[in-house]
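Asker: Quick note on the numbering used here: the sequence shown kicks off at 22 and runs consecutively.
For each residue, glycine too, the CB sits at the ideal point set by N, CA and C.
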Amino acid sequence: MTTLFMDGFGRHWWLLVLYGVLGVLVGLYAMVSPLEAAVALAWAIGVLALAEGVVGLAALFANGAVAGRGWMLFYALVSLLFGLLAVTNPAATAGALLLVLACWFVVAGVFRVLFAFQIRRHVRGEWVIAVTGLLGIVLGGLFLAKPLAGLVVATIWFGVGMLIYGVLQIVAGLRLRSLHNRAF
Numbered sequence: 022m023t024t025l026f027m028d029g030f031g032r033h034w035w036l037l038v039l040y041g042v043l044g045v046l047v048g049l050y051a052m053v054s055p056l057e058a059a060v061a062l063a064w065a066i067g068v069l070a071l072a073e074g075v076v077g078l079a080a081l082f083a084n085g086a087v088a089g090r091g092w093m094l095f096y097a098l099v100s101l102l103f104g105l106l107a108v109t110n111p112a113a114t115a116g117a118l119l120l121v122l123a124c125w126f127v128v129a130g131v132f133r134v135l136f137a138f139q140i141r142r143h144v145r146g147e148w149v150i151a152v153t154g155l156l157g158i159v160l161g162g163l164f165l166a167k168p169l170a171g172l173v174v175a176t177i178w179f180g181v182g183m184l185i186y187g188v189l190q191i192v193a194g195l196r197l198r199s200l201h202n203r204a205f
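1. Closest by CA to glycine 180, which one among Ala115, Gly44, Ala51, Tyr40?
2. Is serine 100 buried or exposed, if buried means 16 or more other CB atoms sit within 10 Å of its CB?
3. For arginine 90, count neighbouring Cβ atoms within 10 angstroms of its own Cβ and tell me buried if that reaches 16, exposed if not.
4. Output needed for leucine 169: all residues of its chain with C-beta closer than 6 angstroms, excluding positions within five of it in sequence on either side, in chain order.
5. Just to confirm before moving on: does the CB-CB distance between leucine 94 and valine 173 stay below 8 angstroms?
6. Looking at the structure shown, is asparagine 202 part of a helix, part of a strand, or coil, going by DSSP?
7. Taking phenylalanine 164 as the reference, which of Val131, Leu102, Leu69, Gly116 has the closest Cα?
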């Protein structure tokens with residue numbers, strides 16, 4: 022490996038391990054306390070949206086804005102409004118996000134079933150696509166019928182994902198550390 026790579030990235034292996042440990046902790050928290058974690062996650066998303074809104078407004082008044090001024094203003098205002106809602110009422114925001122997710126599951130499920138029906142003459146095993154569509158419809162329907170249970174389930178899924186992400190980051194950081202130690 023090049024010295025530049027090993028010197029630049031290898032020296033900071035501990036950042037990957039730190040991200041990994043944080044990912045594991047967030048994952049465990051989401052799995053142990055899913056409702057509290059969902060509210061905390063909605064609040065954190067709100068803080069990020071507020072930051073995006075402020076950056077959007079700053080870009081609006083800066084020279085060389087990438088997007089049109091009208092779109093930039095619209096984006097900044099929507100980000101600020103969503104951020105304020107999420108920070109002031111994160112529980113309602115988490116519930117609303119879950120309802121959007123539920124509706125998406127239903128729409129995506131219907132699309133997959135229709136898609137499977139359309140390609141049945143061209144693809145073998147199209148029934149698998151149809152089954153995933155039916156599962157999406159059922160899952161979306163369950164989330165709509167029992168939003169609190171859906172919020173718990175979605176947060177636990179998020180927690181499992183963060184746990185896996187964290188472990189992989191730790192492994193990557195430790196491997197990078199061993200590569201760095203061998204190179205120097």
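Answerer: If we stick to the structure as given:
1. A check of alpha carbon separations from glycine 180 across Ala115, Gly44, Ala51, Tyr40 identifies Ala51 as the nearest.
2. With a 10 Å radius around the Cβ and a threshold of 16 neighbouring Cβ atoms, serine 100 comes out buried.
3. Classification for arginine 90: exposed.
4. Contacts found: none.
5. no
6. helix
7. Nearest of Val131, Leu102, Leu69, Gly116 to phenylalanine 164, Cα basis: Gly116.
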